[in-house]
Amino acid sequence: MTPIEEELRDAFARHEPDTPAAGPVHDKIQTAWVRAKRRRTLRRSASVAAAVVLATVSAPAALSHFRQSAAPVTAPAASSSPAVARPLDVLLVGEDDAGDADTVMLVHLPADRSHIYLVSVPRDTVGIRGVDGGRVPGAVSHLTGVSFDATVTVGFDDLRALAGAVGPVDVCLPAPANTNRFRTGRQFEAGCQKIGADDVAPLLRARYGLKEGLYDRDRNTQRFLRAVAAKMTADGTTTDPARLAPLLTMLRGDSEVWLQAAASLSKAEVVGISVPGGAALDSSRYLGEKFDAAVAPGLFAAIRGDTLAEWTAGHPDLLLD
Amino acid sequence: MTYEEFAGSRLSGLLRYAVMLTGDPHIAEDLVQETMVRVQLNWRRVARSESPDSYVRKILTNQFTDLRRGSWWRRVLLRAEADPAVPVAVDHADRSAERDQVWAMLGSLPRRQRAALVLRYYEDLPDQEIADVLGCAVGTVRSSISRALATLRTELVEAR
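In the order they appear, the protein sequences are chains A and B. Numbered by the numbering used here, the letters in the first sequence go through residues 5 to 325 in order. Numbered by the numbering used here, the letters in the second sequence go through residues 14 to 173 in order.
This is the structure in structure tokens:
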């Protein structure tokens, strides 16, 4: 050990007492964590909303097309006769790369198929948090009282493939946005522009430079989705098997329900609803998220009773865009 | 292991490590806070890793060495008080002031060099593990430590 090395060790040892006490730091971390988690929930919901809207718009047409070409002998008239119009509830589970349920969203299709309602439920809601993937639908049903006609699982990577299959779309941004807080990342200028597969992830992440940050960014996500939905229904993508193949990979689980939902959905209006909520704390310990008790029960009752049109009219502040 | 268990047993050690890296208790607190929020966001991945301890040490060290990565650095810039590079402690007893010169000079070293010194002489890690934390080759660790020691030696001679 050289003298300088010894001096170093001494200096480190001498300054050990400068170390702050762990208790107060722990509390600060918990406060910051609750904030960070809320931001993340918003971000994830936007990505999955993108995927589910595209799935909702494209899957019925895609699946009916493949079904016809694969089994032309069976009488299509019988199976494609209009299903009895009833509301449909689909649970969308967004998986992270590890295959864990990361985002949970209720998709409600009213009996008149005039809208597609997307209701996000924070994954960390007490009662869902920590539940095994397979038991998530049961847990959500238990919390909300809604029983699901189907569960659909979407991987985050699917979004890019989906955008690649659809091709570039025109998106008009009201303000410039950047992917980096130092404005050194990908810059999107205000105005109309082509958004291709490589632009999708940056666009959905770009929130810097925007007046309301994440909220404006989520509005950009919706602008992108509308553009995609419009393009797919307008240019006939939904009838081209080669371009549809990548779209089908994103649908797992019971796909029969998408057939029932029918192609008329491409004309439905997409409505995003955020369930207000907050941290559930046991003294300062974070247990998970909990719904706002004043709002959530009414929302879930409106889903069960298929009266979301009335409910959304009374809660314009909770609707996306 | 749950996040709570991990934080309960490791937080003090991480704070000590951050004090050695930054030389300032307040900045150390910010750095650890930023790190632990990230750790919690990715807890399942951290818990599944071979060694959660070294994973977390790596995150913290990266935050420290990469200025642009963490918002804690913005807080450092916004903070009007003590510049991390300038030592506060001036002891008028000559001997102890002289002893603290080493501590003061650590602040003028490049961050990766300082991290390498802390990992070897405070955390007592073998060079291979230091290389893992810093994400570089063992040879790079050794050369940056000897460069750092040489700088300190020269400056000390000039100062005394």
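Virtual Cβ for every residue (Gly too), placed ideally from N, Cα, C.
So is phenylalanine 19(B) buried or exposed if we call it buried at 16+ other beta carbons inside 10 Å?
Classification of phenylalanine 19(B): buried, given that the 10 Å Cβ count is 16 or more.
Look at the alpha carbon of proline 91(A) and the alpha carbon of glutamate 17(B), and state the distance between them as a whole number of angstroms.
Going by the C-alpha atoms only, they are around 43 Å apart.
With valine 130(A) and alanine 284(A) assumed to form a contact (beta carbons below 8 Å), what rounded beta-carbon distance in angstroms separates them?
Confirmed, about 5 Å.
At a CB-CB cut-off below 7 Å, which residues of chain B make contact with glutamate 193(A)?
Going along chain B, no residue has its Cβ under 7 Å from glutamate 193(A), so there is no contact; the nearest lies around 23 Å.
Give me the DSSP bridge partner(s) of glutamine 191(A).
Per DSSP, Asn182(A).
For the putative contact between glutamate 142(B) and serine 62(B), defined by C-beta atoms under 8 Å, what is the C-beta separation to the nearest angstrom?
In fact, because the Cβ distance is near 14 Å, the residues do not count as touching under 8 Å.
Name the DSSP bridge partner or partners of tyrosine 121(A)?
Tyrosine 121(A) is bridged to His112(A) and Val275(A).
Please name the residue in Glu171(B), Arg127(B) and Val170(B) whose C-alpha comes closest to that of threonine 74(B).
Selected option, being the one with the closest Cα: Arg127(B).
Which partner residues of phenylalanine 333(A) appear in the DSSP bridge assignment?
Shown here, chain A extends from 5 to 325; a query on residue 333(A) therefore has no answer.
State the Cα-Cα distance for the pair alanine 201(A) and alanine 194(A), rounded to the nearest angstrom.
Each residue's alpha carbon lies about 19 Å from the other.
Does the beta carbon of aspartate 22(A) come closer than 8 Å to any beta carbon on chain B?
Yes, contact with chain B.
Mapping the DSSP letters down to three states, classify aspartate 37(B) as helix, strand or coil.
Reduced to three states, the DSSP call for aspartate 37(B) is coil.
Where do the N-terminal and C-terminal ends of the alpha helix (DSSP H) with valine 151(B) fall, by residue?
First-last of the alpha helix (DSSP H) with valine 151(B): 151-172.
Hey, how far is the Cα of proline 126(A) from the Cα of arginine 23(B)?
Computed Cα separation, rounded: 29 Å.
Taking beta-carbon pairs under 8 Å, can you tell me which members of the region 128-146 of chain B lie near chain A?
From the region 128-146 of chain B, only Leu130, Val131, Tyr134 and Tyr135 have a Cβ closer than 8 Å to chain A.
Report yes or no: is there a C-beta of chain A within less than 8 Å of the C-beta of leucine 162(B)?
Answer yes: the Cβ-Cβ gap between leucine 162(B) and chain A drops below 8 Å somewhere.
Nearest-angstrom Cα distance between phenylalanine 16(A) and alanine 163(B)?
Taking the straight line from one Cα to the other gives about 18 Å.
Are any of the Cβ atoms in chain C nearer than 8 Å to that of isoleucine 33(A)?
This model lacks chain C altogether, as its protein chains are A and B.
Would you verify that the beta carbon of valine 135(A) is, or is not, closer than 8 Å to some beta carbon of chain B?
Chain B contact via Cβ: absent.
Within the 8 Å Cβ cut-off, does leucine 12(A) reach chain B?
Yes, leucine 12(A) lies at the interface with chain B (some Cβ there is under 8 Å from its Cβ).
Under a CB-based cut-off of 8 Å, is valine 154(B) close to chain A?
It does not: the Cβ of valine 154(B) has no partner Cβ on chain A nearer than 8 Å.
I want to see whether chain B comes within less than 8 Å of histidine 19(A), judged by CB atoms only; does it?
Chain B, which has a Cβ nearer than 8 Å to the Cβ of histidine 19(A), makes this yes.
Tell me, to the nearest whole angstrom, how far the beta carbon of valine 279(A) is from that of valine 123(A); I am working on the premise that it is less than 8 Å.
That belief holds up - the Cβ atoms of valine 279(A) and valine 123(A) are roughly 6 Å apart, short of 8 Å.
Alpha carbon to alpha carbon, how far is glycine 152(B) from glutamate 293(A)? Give it in angstroms, no decimals.
Taking the straight line joining both Cα atoms gives about 48 Å.
Mind pulling the chain B residues with CB within less than 8 Å of tryptophan 37(A)?
In chain order: Met49, Val50, Gln53 and Leu54.
Is arginine 308(A) closer than 8 Å to valine 111(A) when the C-beta atoms are compared?
Not in contact: valine 111(A) and arginine 308(A) (Cβ atoms no closer than 8 Å).
Apply the 10 Å Cβ neighbour rule to serine 159(B) and answer buried if 16 or more other Cβ atoms are within range, or exposed otherwise.
Per the 10 Å Cβ criterion, exposed.
Along the region 136-147 of chain A, where does the CB come closer than 7 Å to a CB of chain B? Name the residues.
Answer set for the region 136-147 of chain A: empty.
Starting from valine 186(B), trace the alpha helix (DSSP H) in both directions and tell me its first and last residue.
Residue 186(B) falls outside the range modelled here, since chain B spans only 14 to 173, and no answer is possible.
Which term fits glycine 36(B), buried or exposed, when burial requires 16 or more other beta carbons within 10 angstroms of its beta carbon?
When all chains shown are included, glycine 36(B) counts as buried.
Which residues in the same chain have their Cβ closer than 7 Å to the Cβ of leucine 312(A), if we skip the five residues on either side of it in sequence?
So the list reads His112, Pro114, Tyr121 and Ala306, once near-sequence residues are dropped.
Reducing DSSP to helix, strand and coil, say where arginine 2(A) ends up.
There is simply no residue 2(A) to check, as chain A begins at 5 and stops at 325 in what is shown.
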